[in-house]
């Protein structure tokens, strides 16, 4: 088709702050968080970074257009692992949104390995 898609990072720029997915500690401590087009009051969502996806189009004259943004659960379509989890018998096995996600030090201790090939 001849398409090219340039992927870029917002690292080291104000972009994430401009699109309300990065936040300064002072605002978090003051309980001020504007995300996904609304004020967030639940402290469990207070983080310096929250998920967001933006798409832009640059026309032949060089003008750039913001064509799409999604936040929070709207980004799941591009997270490949979710697609596979969603077709398993227990799905994501979540009682609440994202409660299945754990940091590396939040898992239970590994049980003893008992498989016959574990030698």
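Residue numbers (the working numbering): 682 to 800. Note that the Cβ used here is the ideal one computed from N, Cα and C, for glycine as well. If you're wondering where the values come from, they're calculated on a predicted model, not measured in any experiment.
Considering only their Cβ atoms, is the gap separating residue 727 from residue 709 smaller than 8 Å?
Yes, these two residues count as a Cβ contact at 8 Å.
DSSP three-state label for residue 736, please.
In this structure, residue 736 counts as strand in the three-state DSSP scheme.
Just to confirm, are residue 716 and residue 752 a CB contact at a threshold of 8 Å?
A contact, by the Cβ cut-off of 8 Å.
With a cut-off of 8 Å on the beta carbons, I'd call residue 750 and residue 734 a contact; round off their distance for me.
Between residue 734 and residue 750 the Cβ distance is about 7 Å, and since that is below 8 Å, they are a contact.
How many Å lie between residue 723 and residue 704 at the Cα?
Rounded to whole angstroms, residue 723 to residue 704 spans 15 Å at the Cα level.
Name, in chain order, the residues that DSSP records as bridge partners for residue 859.
Absent from the model: residue 859. The displayed extent of the chain is 682 to 800, so no value can be given.
Those residues which DSSP pairs with residue 752 across a bridge:
Residue 752 pairs with 733.
List the residues that DSSP assigns as beta-bridge partners of residue 747.
Paired residues: 737.
So, helix, strand or coil for residue 757, using DSSP?
Secondary structure at residue 757: helix, using DSSP grouped into helix, strand and coil.
Grouping DSSP H, G and I as helix and E and B as strand, with all else coil, what is residue 775?
The DSSP-derived three-state label of residue 775 is coil.
Using the Cβ count rule (16 or more neighbours within 10 Å means buried), how would you classify residue 782?
So residue 782 counts as exposed.
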